[in-house]
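See the structure below:
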């Protein structure tokens, strides 16, 4: 059975944090090697490694990853909650939305019965409100926070729930790494445990998975973005979770330029009181050619990656939102089927989460392979698997705009659902990582999958 | 009727208050809060529906909450909850 991807997807006392530190002078621990990949998930424990005395070496050299990584930006209305399923089945939750906004139900719908790691980026109610119920409902091995307290009851209830759950409690800061099986999260922020602005104490994480990377900045605002850039830490990422729900208080032009994402995803509630995402943010992303997804229009957004490419799937609507700078208003979400399953080597078959409507048509689309890297002047091929008879189209977006190369014409899938396109990358094509969007249509439904490929120098 | 509230956060011109025991969320214009009000401050508020009639910083309640959470946080940091 195919798995349905729910996609649709005060300054208080600055007391010393618990010591995670190695003794000064120790070499930073190596990134876990591939042998860890073969361990059963049950035996994996998230390990936290702090190297406060020695800056972490940049983890820019991708190890050859195995399996699938899933990053689910869960639709929790106005709040943040991100579920990560690692290639060995590791489970991690970053934030839990406000209380009662569905993060727990989403996890249960995904068949998640325990969390190896729960991380709260910062203790605002729209990020931690849903966490106590999850701690009560399933085993949680470890909870990671930034050490910044606040005085709300929901924060106090979170501390109580961590104690009751007997979860290990740890705090992280800049230069630390969080190891979760074969996944390594670099902690870019905060540099100090407490500060006057809770958003700007957010734990900012960068995850590199083969050729695909993620920037997860919590509610970090421009001041923090500038601080991270000034620290010299690498920030480039394929996928950017927009800071602070797409607010104009985050996503500075310098931050956007340094990260240079292909895809940006924000979490915000439809019709929220704060105007998130702000038009300025969307306009800047549009100008930069970044594909934008938001939980307010798309529902839960799921990025799946094998480390070579990635696909984006949404619960309510296919494809990125329309550019905000366009003169036309954003059209209403078309009535399309939610996405069918994406194959996953690790995920068990699970029932459809309650938040996801049942698919109304059996339309599938999965990008099987894409040539990458490709030199200018060389041939590239993308193969995909879809529903037999589906009408399929492809768009390759270079710096100069969409490719009009011969070979990229729309096609109809064969009786086995196989489809492929081959084209020549122009000899003057700008090197870089360029997005490719494939769309399948059948019986009034459509489905879009995205990946990217590298044009080498 | 005066009620207790706590400032969870500021969002642009809004303050997000959590009202009462059940921490009902309420957005109020930031300018309607007393000068110097910060995230984490406890307030005594007077509401008519969702309209904020008055607000004052409750420094004693703030300090009590601060001490309570710090004790709980320190216990987690020391790992006391993992023992026994």
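Chains as they are written, first to last, in my numbering: chain L, 1 to 457; chain X, 458 to 541.
Here a beta-carbon is modelled for each residue, glycine too, at the ideal position from N, C-alpha and C.
- Neighbours of residue 522 of chain X in chain L, taken as residues at a C-beta separation under 7 Å, are given in chain order as 151.
- In the three-state scheme derived from DSSP, where H, G and I count as helix and E and B as strand, residue 321 of chain L is classed as coil.
- One alpha carbon belongs to residue 455 of chain L, the other to residue 483 of chain X, and they sit about 50 Å apart.
- Contact between the region 74-92 of chain L and the region 294-309 of chain L is established, with three or more Cβ pairs separated by less than 8 Å.
- A check of alpha carbon separations from residue 486 of chain X across X:499, X:512 and X:523 identifies X:512 as the nearest.
- Annotated as proximal: residue 259 of chain L and residue 235 of chain L, with beta-carbon spacing under 7 Å.
- With contacts defined as CB atoms closer than 7 Å, residue 438 of chain L and residue 390 of chain L fail to qualify as a contacting pair.
- One thing to note: residue 202 of chain L has its Cβ within 7 Å of the Cβ of residue 219 of chain L.
- Neighbours of residue 526 of chain X across chain L, judged by C-beta separation under 9 Å: 12, 149, 150, 151, 152, 155, 156 and 159.
- For residue 432 of chain L, there is no enclosing alpha helix (DSSP H); the residue is found in the beta strand (DSSP E) stretching over 432-442.
- Inter-segment contact for the region 529-540 of chain X and the region 155-175 of chain L is present: three or more beta-carbon pairs are separated by less than 8 Å.
- Residue environment analysis places residue 520 of chain X among the exposed positions, since fewer than 16 neighbouring C-beta atoms fall within 10 angstroms of its C-beta.
- When the five nearest sequence neighbours on each side are left out, the beta carbons in the same chain lying within less than 6 Å of the beta carbon of residue 204 of chain L are those of 188, 189, 217 and 220, in order along the chain.
- If you check the CB distance, residue 129 of chain L and residue 81 of chain L do not come in under 7 Å.
- Distance check between residue 138 of chain L and each of L:377, L:161, L:272 and L:385 places L:161 closest, using alpha-carbon atoms only.
- Residues of the same chain with a CB within less than 7 Å of the CB of residue 222 of chain L, apart from the 5 flanking positions on each side, are 249, 250 and 252 in chain order.
- Under the three-pair Cβ rule at 8 Å, the region 268-276 of chain L counts as touching the region 236-246 of chain L.
- In this model, residue 277 of chain L and residue 284 of chain L are separated by some 12 Å (Cα to Cα).
- For residue 105 of chain L and residue 91 of chain L, the gap between their C-alpha atoms comes out near 15 Å.
- By the Cβ neighbour-count rule, residue 316 of chain L is buried, with 16 or more other Cβ atoms within 10 Å of its own.
- Chain order gives no chain L residues near residue 485 of chain X, where near means a beta carbon separation below 8 Å; the closest approach is about 11 Å.
- The CB of residue 463 of chain X comes closer than 7 Å to the CB of 151 and 152 in chain L, given here in chain order.
- From the beta-carbon of residue 162 of chain L, the residues of chain X found nearer than 8 Å are 533 and 538.
- Just so you know, the alpha carbons of residue 241 of chain L and residue 488 of chain X end up roughly 31 Å apart.
- With its beta carbon at least 7 Å from every one in chain X, residue 363 of chain L lies outside the interface.
- Non-local C-beta neighbours of residue 148 of chain L in its own chain, meaning closer than 8 Å and more than five positions away in sequence, comprise 12, 122, 123, 190, 193, 194, 195, 198 and 201, ordered along the chain.
- Neighbourhood of residue 166 of chain L in chain X, by CB distance below 7 Å: 538 and 539, in chain order.
- Secondary structure note for residue 259 of chain L: its alpha helix (DSSP H) is the uninterrupted segment 253-259.
- What residue 475 of chain X touches in chain L, judged by beta-carbon distance under 9 Å, is 125, 152, 153 and 154, going in chain order.
- When rounded, the separation of the alpha-carbon atoms in residue 100 of chain L and residue 171 of chain L is 26 Å.
- Annotation: the continuous beta strand (DSSP E) that includes residue 241 of chain L extends over 239-241.
- The beta carbon of residue 425 of chain L lies closer than 7 Å to those of 374, 376, 377, 378, 380 and 455 in the same chain, with the five residues before and after it left out.
- Under DSSP, the beta-bridge partners assigned to residue 391 of chain L are L:412 and L:441.
- The beta-carbon of residue 266 of chain L is placed no less than 7 Å from the nearest beta-carbon of chain X.
- DSSP, read as helix, strand or coil, puts residue 263 of chain L in strand.
- Across the structure, residue 140 of chain L and residue 159 of chain L are spaced so that their CA atoms are roughly 13 Å apart.
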